[in-house]
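Numbering (mature numbering (1 follows the signal peptide of the UniProt record, and there is no 0)), first residue to last: -27 to -1, 1 to 397.
Backbone N, C-alpha and C fix where the C-beta goes; we use that ideal spot for every residue, glycine too.
Just so you know, these numbers come straight off a predicted model, no measurement behind them.
Worksheet: one structure, shown below.
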Amino acid sequence: MFPYCSIRHVTALFLLYLVSSLAGVEGACDPPPRLSYADAKLDSVNTYENGSKINYDCLPGYRSIPGTIRYVTCLGSTWSNPPTFCEVVKCRNPGEIQNGQIEEPINQSFGSRVVFKCNTGYRMLSKLNYRDCQSNGEWSNDVPKCEAQVCPPPTAITDGDFSPQKDEYSYQDSVTFKCNKDLALVGSTSLFCTAHGNWSSDEPNCKVFTMHSPFNIKNQWALLFYIANQIIETFGECGPPPALLHTVPIDGKSFPVDESVVYSCNKTAGYYEIPGRSRTITCQDDFTWSTVPEFCIRACDSPPRLDFAQLGQEDINKNIYLNGTTVKYDCRPGYKRIPGTDRTISCLDNFTWTAPQSFCQRRSCGHPGEIDNGEFEPTDSEFLFGSTVTYKCNEGKGLTSENAVQLWASVLKKSVNELQKSQR
């Protein structure tokens, strides 16, 4: 039987609650509860007598779980707790798309949608780029199709030609231009077909030229072409990107004009990017690299993950944790705050975090309840969040969810009677 406190420790409010709960045991129930996954087979009445049973049908997109009951019972003035008797319909693999892939995450439950995308160099041929999981467990429409991206032939140039010549060009195909004898090609010698179906740059031109001798610029090289003593084209490269303080070195011997590189801070050494600062430098027309202000700073790693708590909303989206930064945790569901404890940690001068206290403890679920003709285990003195108890009936006895509800009502009635006796 349930352990109970003496009347000295039970408030009048709690006693009234127990009495009122039992007062309706012999009454009538309102309409049964609405379920998100099933519809009740209702009669044309507003109340239901004690002992009435209402059956449910699974909604479209859900199916019955074998071996479960699909009804609730009126127990006085309340309905028995409905078991989970329907499960969501699952669709099978949505199919493979050639020259493409499915965007993550993939959910195969009823009502979910998977989105397909084509690989670089291909474009979506189908009108629909998705499939929906339907109530019958089948996917809508066919698997989308991708086709190769193509470019039209480039425009012919005056006093020159290009090769190879075709009716259309596939992604990454290239053409090479050349000028007639004694003419200089101004522009890009080669063009390639991009993933967007256009050429990488405009077609070049052919012009009369003179050439300046090549010269070096700090271990880089440049070549100038002249027409009428005016520079019409420069060719050259910047040397290797400079080594910046607290960054990861960038591979590469040299880069052409307008090429950019992006640095990363050396997180292994504890350095992180300052939000809003640029990390990109570019090879300029004078064959030197552009400069950027310092963008790496020493900081703490992300705050430690705790089993019993998570970062508060004001700290969870921070990108950097500087020296002196303090973050606050909130207890996870199933845990409660321990009064008088500190739920913050701070980034120290040595860029480590202070050790977090144990400021949350598991909530207690109370006693799970005794049953007649049966027992449960384990028989601990306290049952905390995450604990599990298993009931078993004595030989020849069985336990159902309906019996469990009736048992709870009988336990309440016995508790009230015992409290009333002690009050006399």
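Would you check if the distance between the CB atom of residue i and the CB atom of residue j is smaller than 7 Å?
| i | j | result |
| --- | --- | --- |
| Phe165 | Ser174 | no |
| Val159 | Pro177 | yes |
| Pro215 | Lys226 | no |
| Cys304 | Ala272 | no |
| Leu142 | Cys124 | Here the sequence assigns Tyr to residue 142, which means Leu is not the residue at that position. Result yes, Cβ atoms of Tyr142 and Cys124 sit closer than 7 Å. |
| Cys211 | Cys238 | no |
| Ser331 | Leu357 | no |
| Thr41 | Pro56 | yes |
| Phe83 | Ser108 | yes |
| Thr299 | Ser319 | yes |
Within a Cβ cutoff of 6 Å, which residues of the same chain sit near residue i, ignoring the five residues on either side of it in sequence?
| i | result |
| --- | --- |
| Leu105 | A small correction: the amino acid at residue 105 is Asp; Leu does not occupy that position in the sequence shown. Closer than 6 Å at Cβ, skipping near neighbours: Arg86, Ser113. |
| Glu232 | Cys256 |
| Ile223 | Pro214, Val234 |
| Ser186 | For Ser186, the predicted model reports a pLDDT of 48, less than 50, meaning its position is unreliable; a value from the coordinates is still stated below. Nothing meets the Cβ criterion. |
| Ile190 | Confidence at Ile190 is low in this model, with a pLDDT of 47, below 50, so the placement of that residue should be treated as unreliable; the coordinate-derived value is given next. The residues are Phe260. |
| Asp146 | Cys166 |
| Gly(-4) | Confidence in Gly(-4) is poor, its pLDDT being 43 and thus under 50, which makes the residue's placement too unreliable to answer from. |
Using 8 Å for Cβ pairs, my map puts residue i next to residue j. What's the rounded Cβ distance?
| i | j | result |
| --- | --- | --- |
| Ser251 | Val265 | 5 Å |
| Leu321 | Thr327 | 6 Å |
| Thr220 | Tyr236 | 4 Å |
| Pro6 | Asn19 | Contact flag wrong, Cβ pair sits at about 15 Å. |
Output needed for residue i: all residues of its chain with C-beta closer than 7 Å, excluding positions within five of it in sequence on either side, in chain order.
| i | result |
| --- | --- |
| Tyr10 | Cys31, Leu32, Tyr35, Cys59 |
| Gln334 | Tyr308, Lys309, Ile311 |
| Phe349 | Pro341, Val362, Thr363, Tyr364 |
| Asn28 | Lys14, Arg43, Tyr44 |
| residue 415 | Summary: the structure shown does not reach residue 415, with the chain confined to residues -27 through 397, and so no result is reported for it. |
| Asn72 | Cys91, Asn92, Tyr95, Cys119 |
| Leu279 | Tyr302, Pro329 |
| Glu76 | Val88, Lys90 |
| Asp12 | Tyr29, Asp30, Leu32 |
| Leu217 | Tyr236 |
| Ser161 | Ser174, Pro177 |
| Phe324 | Gly243, Arg271, Ala272, Cys273, Asn296 |
| Ile79 | Val87 |
| Gly170 | Gln122, Val123, Cys124 |
| Glu355 | Ser337 |
| Glu267 | Leu218 |
| Leu8 | Tyr29, Pro55 |
Under 8 Å Cβ to Cβ from residue i, same chain only, skipping five residues before and after it: list those, please.
| i | result |
| --- | --- |
| Cys179 | Ile130, Thr131, Asp132, Gly133, Cys152, Asn153, Leu156, Ala157, Leu158, Val159 |
| Lys301 | Leu284, Gly285, Glu287, Asp288, Arg316, Thr317 |
| Gln74 | Phe89, Lys90, Asn92 |
| Val116 | Pro67, Gly68, Glu69, Ile70, Phe89, Arg104 |
| Pro127 | Phe135, Val148, Leu164, Trp172, Glu176 |
| Asn102 | Val88, Phe89, Lys90, Pro117 |
| Pro351 | Val362 |
| Gly359 | Gly307, Arg335 |
| Thr253 | Ser233, Val234, Val235, Tyr236, Val265 |
| Leu380 | Confidence is the limiting factor: at Leu380 the pLDDT is only 45, short of 50, which leaves the residue's position unreliable, though a coordinate-based value still follows. Closer than 8 Å at Cβ, skipping near neighbours: Gly342, Ile344, Asp345. |
| Pro137 | Val148 |
| Gly110 | Val62, Lys63, Cys64, Arg65, Phe83 |
| Val181 | Asp155, Leu156, Ala157, Ile200 |
| Asp353 | Ser360 |
query = Along the chain, which unbroken stretches of the beta strand (DSSP E) at least 3 residues long are found entirely within the segment 280 to 313?
reply = 282 to 284, 299 to 304, 308 to 310
contact_flag[the segment 62 to 71, the segment 43 to 53] where n(CB pairs < 8 Å) is 3 or more:
no
ask   = Are the segment 22 to 30 and the segment 90 to 107 touching, with three or more C-beta to C-beta distances below 8 Å?
value = no
>> Taking 8 Å as the cut-off, does the segment 290 to 303 touch the segment 239 to 257 (at least 3 CB pairs, one atom from each stretch)?
In response: yes
Quick one: complete beta strand (DSSP E) runs, 3+ long, within the segment 51 to 82? 59 to 61, 73 to 75
- Which runs of the beta strand (DSSP E) spanning at least 3 residues fall entirely within the segment 314 to 375, listed in chain order? 317 to 319, 333 to 335, 347 to 350, 363 to 366
Of all the beta strand (DSSP E) runs that stay within the bounds of the segment 208 to 276, which reach a length of 3 or more residues?
233 to 235, 244 to 246, 253 to 255, 269 to 271
Where in the segment 74 to 157 do unbroken runs of the beta strand (DSSP E), each at least 3 residues long, occur, reported from the N-terminal end onward? 86 to 91, 95 to 97, 103 to 105, 119 to 121, 133 to 136, 147 to 152
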